[in-house]
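Q: Please read through the structure below; I'll follow up with questions.
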Amino acid sequence: MRPAAIVVLGTALATACGASNAPPSDTPRPPEQVYRETCGYCHGANVGPVIRGRQLPPAAVRPIVRQGSNAMPAFRPTEISDSELDALAVWLEASEADPQEQGQ
Amino acid sequence: MTDLDRRDILGMGALGLAAAAFPGFASAQEGGDAAMRVLPPDMDRETFGRAVAELRAIVGENWVLADVESAISYDKSYIPDPRDMHVPSGAVAPASAEEVQAIVRVANRYRLPLWPVSTGKNMGYGQATPATPGQMVLDLKRMNRILDVDPDLGTALLEPGVTYQQLQNYLDDNAIPLWLDVPTVGPIASPVGNTLDRGVGYTPYGDHFTFQCGMEVVLPDGEILRTGMGSTSNPSAWQAFKWGYGPYLDGLFTQSNFGIVTKMGMWLMPAPPVYKPFMIRHPDMEDVAKIVETMRPLRVSSLIPNVNLMMGAAYQLAMFNRRSDVWDGEGPVTDEAIKRAARAEGLGMWNTYFALYGTEEMIAAIEPIVTGAIEASDGEVLTEVEMGDNPYFHHHATLMRGGLSLEEIGIVRWKGAGGGLAWFAPVAPAKGEETAQQTQLAKQILGRHGFDYTAAYAIGWRELHHIIALLYDKSDPEDEARADQCYRELVTGFGERGWASYRTGVASMDLVASQYGETNRAFNAKLKRAIDPNGIIAPGKSGIA
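This is the structure in structure tokens:
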């Protein structure tokens, strides 16, 4: 748990923003990032079951993600691309359990 | 299944899993037509096929998902839908406003209804599913550019597919000291989508539509409209001044079906030097009336600048517990059982969260005024000093600084792994006397169907939202049918007393719209006919056909 009572925040001034008028990027995100920014908010965070370190078979992970089995939301190809999902499933199968994670 | 069971997964192929989770999937396969899904109303298969081919020519082969397998993600929904009325025909995912324009022109030609979603994560209101069967989801997630962030003005211009996570990453990467204001499912949801549905968050910028500024809209005829200052010869004030000149149009494109918003401006709060979250604990169910009376003047005067969220103990417990942890009796869980479980987790029957933002001196000046008033209501004022790592306090402290979390979605598993959530959110004035009657009515209707009173109240500014999570087991068809019936009785029962919803799921849009008066409905219908004569944009959204 992070301390949350009084947080004194940085006041760094940013000048350049680098906001983009370029077309949306199709560069796949690495599986660690997909896990951290989507799966990990529930799995291991006391909301969904722990899924790391359990050698879950990639062939089962893909349809679960796409359909959102049971209480899980579904994630569409526009959110997690097919290539990102393939890499995520392979990474997940090989992942080590994280003792910090808690399941439900 | 109370947990993800690896053996079960290993024993089922992808198709088996799909069939188990989605009965409609299996029947389509068995019907010998694996390629087609529910069709748009009054459209035959061949015509649909031609429309799909034209859409593919616009967005590319891969970005029209119109068969059972590839479009299955669009069917997922937590709300009760016992008759499978809210199933799309497929989805089309453009990458630009120009592609949206081209899609709209095709849709007009074929009278193909389009159901726009930004990220489709409207949990408890229907996710990406449409108000009527067979609409094609217009999935705007690929339009995910952050077009501008002005650190001096605290403004942003976004496409609909940008998530709060993506925007936070952008602010972090560029060391921009601006805060987000997130709804409870921030990481995977869209600021544009949430604002257009008039969603809320927990910082002083919590009423998202209030902090929206300027839109680009693809109209049903394919033209592009920019609201506010956006169409002047130098639109540099597009994100700085909301009103422009003449009638204010932005509201027409929220909770509506008059256009497709492809860019939206919003204001971001400068990170305050100091942030101090508070929790107030009250021991009894009936305390909520005096909490409202105590908090209203503090909120109306903006001494407290953010929403005052009064979380009921059962709702809090549902975040991190299963129902079977606290109750194994018949019927709805009792107040006594909830109170016992809540006490063990450091919670009262009502847990009110608010925060102060500013400099050390500002907070030192305001805090004694606020705590004095609250203590006079017999509330215990708690901060991190007392609450430490308490997960409930930590969760709300995260939300009130715009932090990203999905913890609250744990409530969908209250009654089991099957999930099931429908938000019911009636509005009243922020008066304590409103609460006792509302709580009683809610418990009466929920109890009749065996559901629990898992609820919160929130003083946004002058209004009181009653936020009731109807939690059921979607894997049990009988529970789903009960939940559907119960939800309708909640809407009707509260509506008869003048407590109408500020927002509702795709299955109850007509019902809620009917409570806002026939003249209002007819006016919306007249606008719809004038703007979208072929009815191609989201028919049925907010009860506008």
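Protein chains in written order, with my numbering: chain A, 1124 to 1227; chain B, 16 to 560.
Note that CB positions come from ideal geometry on N, CA and C, so glycine has one too.
This structure is a prediction, so every number in the text was calculated from the model and none was measured.
With C-beta atoms as the reference, is Ile483/B less than 8 Å away from Ala451/B?
A: On the second sequence, position 468 is the one that residue 483/B refers to. On the second sequence, position 436 is the one that residue 451/B refers to. Not a contact, by the Cβ cut-off of 8 Å.
Q: Give every residue of the same chain whose Cβ lies closer than 7 Å to the Cβ of Gly31/B, excluding the five residues on either side of it in the sequence, and list them in chain order.
A: Position 16 of the second sequence, counted from the first residue, corresponds to residue 31/B. Note that Gly31/B has pLDDT 41, beneath the 50 cutoff, so the model's placement of it is unreliable and the number below is only indicative. Taken in chain order, the list of residues that qualify is empty.
Q: On a CA-only basis, which of Glu511/B, Gly558/B, Ala498/B, Asp188/B is nearest Tyr93/B? Give me that one, please.
A: In the second sequence, residue 93/B corresponds to position 78, counting from 1. Tyr93/B has its Cα closest to that of Ala498/B, out of Glu511/B, Gly558/B, Ala498/B, Asp188/B.
Q: May I ask which residues mark the beginning and end of the beta strand (DSSP E) holding Phe369/B?
A: Locating residue 369/B in the second sequence gives position 354, counting from the first residue. Run containing Phe369/B: 365-373, per the beta strand (DSSP E) assignment.
Q: Please identify the residue among Val207/B, Ala496/B, Ala380/B whose C-alpha is closest to the C-alpha of Pro131/B.
A: Locating residue 131/B in the second sequence gives position 116, where the first residue counts as 1. Minimum Cα distance to Pro131/B is reached at Val207/B.
Q: Using three-state DSSP, classify Thr247/B as helix, strand or coil.
A: In the second sequence, residue 247/B corresponds to position 232, counting from 1. It is coil, neither helix nor strand.
Q: Secondary structure at Cys1162/A, three-state DSSP: helix, strand or coil?
A: The count along the first sequence starts at 1 and reaches residue 1162/A at position 39. Correct three-state label for Cys1162/A: helix.
Q: Which chain A residues are close to Ser420/B, counting only those with a beta carbon under 9 Å from its beta carbon?
A: As a first step, residue 420/B must be located in the second sequence, where it is residue number 405. In chain order: Tyr1164, Ala1168.
Q: Taking Val83/B as the reference, which of Ser104/B, Gly363/B, Leu162/B has the closest Cα?
A: As a first step, residue 83/B must be located in the second sequence, where it is residue number 68. Ranking the options by Cα distance to Val83/B, first place goes to Ser104/B.
Q: What does Arg1189/A touch in chain B if you count any residue whose Cβ is under 7 Å from its own?
A: Walking along the first sequence from the start, residue 1189/A turns up at place 66. In chain order: Ile87, Ser88.
Q: Go to Glu1219/A, then tell me how far its alpha helix (DSSP H) extends in each direction, as first and last residue.
A: Position 96 of the first sequence holds residue 1219/A. First-last for Glu1219/A: undefined, no H or E at that position.
Q: Going straight from the alpha carbon of Leu371/B to that of Thr309/B, what length do you get?
A: Taking the first residue of the second sequence as position 1, residue 371/B is located at position 356. Taking the first residue of the second sequence as position 1, residue 309/B is located at position 294. Looking at the two C-alpha atoms, the distance is approximately 16 Å.
Q: Assuming contact is defined by CB atoms lying nearer than 8 Å, are Leu324/B and Thr386/B in contact in what I supplied?
A: To locate residue 324/B, count along the second sequence from 1; it is residue 309. To locate residue 386/B, count along the second sequence from 1; it is residue 371. Cβ atoms of Leu324/B and Thr386/B: not closer than 8 Å.
Q: Residues in the same chain with beta-carbon distance under 8 Å from Arg1185/A, minus the five sequence neighbours each way, listed in chain order, please.
A: As a first step, residue 1185/A must be located in the first sequence, where it is residue number 62. Excluding sequence neighbours, Arg1185/A sits near Leu1208, Asp1209, Ala1212.
Q: Measuring only between beta-carbons, confirm whether Arg1199/A sits less than 8 Å from chain B.
A: Numbered from its first residue, the first sequence carries residue 1199/A at position 76. Chain B, which has a Cβ nearer than 8 Å to the Cβ of Arg1199/A, makes this yes.
Q: Would you verify that the beta carbon of Asp154/B is, or is not, closer than 8 Å to some beta carbon of chain A?
A: Within the second sequence, residue 154/B is the residue found at index 139, counting from 1. So, interface residue.
Q: In angstroms with no decimal places, state the Cα-to-Cα distance between Met364/B and Val400/B.
A: The residue labelled residue 364/B in the question sits at position 349 within the second sequence. The residue labelled residue 400/B in the question sits at position 385 within the second sequence. The alpha-carbon atoms of Met364/B and Val400/B are separated by roughly 21 Å.
Q: Alpha carbon to alpha carbon, how far is Met14/B from Tyr125/B?
A: Since the first residue of chain B shown is 16 and the last is 560, residue 14/B is not available in this structure.
Q: Under a three-way DSSP split, which group does Asn159/B fall into?
A: Walking along the second sequence from the start, residue 159/B turns up at place 144. The answer is coil: DSSP assigns Asn159/B none of H, G, I, E or B.
Q: Work out the CA separation of Gly435/B and Ala359/B for me, nearest whole Å.
A: Taking the first residue of the second sequence as 1, we reach residue 359/B at position 344. Taking the first residue of the second sequence as 1, we reach residue 435/B at position 420. Between Ala359/B and Gly435/B, the C-alpha separation is close to 26 Å.
Q: Have a look at Arg355/B and Ala328/B and give me their C-alpha separation to the nearest angstrom.
A: Along the second sequence, read from residue 1 onward, the residue named residue 355/B stands at position 340. Along the second sequence, read from residue 1 onward, the residue named residue 328/B stands at position 313. Those two C-alpha atoms are separated by around 10 Å.
Q: Any Cβ of chain B within less than 8 Å of the Cβ of Leu1136/A?
A: Here residue 1136/A corresponds to residue number 13 of the first sequence, with the count starting at 1. Since pLDDT at Leu1136/A reaches only 36, below the 50 mark, its modelled position is unreliable, and the value read off the structure follows with that caveat. It does; some Cβ of chain B falls within 8 Å.
Q: Apply the 10 Å Cβ neighbour rule to Ile389/B and answer buried if 16 or more other Cβ atoms are within range, or exposed otherwise.
A: For this step, residue 389/B is matched to residue 374 along the second sequence. By the 10 Å Cβ count, Ile389/B comes out buried.
Q: Strictly below 7 Å CB to CB, what residues from chain B border Thr1150/A?
A: Here residue 1150/A refers to the residue found at position 27 of the first sequence. Those within 7 Å of Thr1150/A in chain B number zero; the least Cβ separation is about 12 Å.
Q: Using a C-beta to C-beta distance shorter than 8 Å, which residues of chain A count as neighbours of Pro202/B?
A: Taking the first residue of the second sequence as position 1, residue 202/B is located at position 187. Within 8 Å Cβ-Cβ: Glu1160, Thr1161, Tyr1164.
Q: Name the residues in the region 135-148 of chain B whose C-beta lies less than 9 Å from a C-beta of chain A; which are they?
A: The residues in question are Gly135, Lys136, Met138, Gln142, Ala143.
Q: Tell me, please, which residues DSSP counts as bridged to Phe293/B.
A: Translated into the one-based positions of the second sequence, residue 293/B becomes position 278. Its beta-bridge partners are Phe369/B.
Q: Show which residues of chain A have a CB atom less than 8 Å away from the CB atom of Arg52/B.
A: Taking the first residue of the second sequence as 1, we reach residue 52/B at position 37. Here the premise fails: no neighbours, minimum Cβ distance about 14 Å.
Q: If we count the other Cβ atoms within 10 Å of its Cβ and call it buried at 16 or more, is Arg1189/A buried or exposed?
A: Against the first sequence, residue 1189/A aligns to sequence position 66. Arg1189/A is buried by the Cβ-count criterion.
Q: Using beta-carbon positions only, say whether Ala440/B and His481/B come within less than 8 Å of one another.
A: Within the second sequence, the letter at position 425 stands for residue 440/B. Within the second sequence, the letter at position 466 stands for residue 481/B. Yes, the Cβ-Cβ distance between Ala440/B and His481/B is below 8 Å.
Q: Could you check what DSSP says for Pro1154/A in three-state terms: helix, strand or coil?
A: In the first sequence, the residue the question calls residue 1154/A occupies position 31. Three-state result, Pro1154/A: helix.
Q: My understanding is that Met402/B touches Gly361/B, with C-beta atoms under 8 Å, so please give their C-beta distance in whole angstroms.
A: Here residue 402/B is taken as the residue at index 387 of the second sequence, counted from 1. Here residue 361/B is taken as the residue at index 346 of the second sequence, counted from 1. Right, their Cβ atoms sit about 7 Å apart.
Q: On the CB-based measure, 16 or more other CB atoms within 10 Å of its CB, does Ala1194/A come out buried or exposed?
A: As a first step, residue 1194/A is located in the first sequence; it is residue number 71 there, counting from the start. By the 10 Å Cβ count, Ala1194/A comes out buried.
Q: Taking only beta-carbon atoms, is Ala49/B less than 8 Å away from chain A?
A: In the second sequence, counting from the first residue as 1, residue 49/B sits at position 34. Its pLDDT being 45, under 50, Ala49/B is placed unreliably by the model, and the measurement read from it follows with that caveat. Not closer than 8 Å to any Cβ of chain A, the Cβ of Ala49/B fails to qualify, so no.
Q: Which stretch, first to last residue, makes up the alpha helix (DSSP H) that contains His411/B?
A: Along the second sequence, read from residue 1 onward, the residue named residue 411/B stands at position 396. His411/B -> alpha helix (DSSP H) spans 406-414.
Q: When we look at the beta-carbon of Pro235/B and count the other beta-carbons within 10 Å, is it buried (16 or more) or exposed?
A: Position 220 of the second sequence, counting from 1, holds the residue named residue 235/B. Its Cβ being crowded by 16 or more others within 10 Å, Pro235/B is buried.
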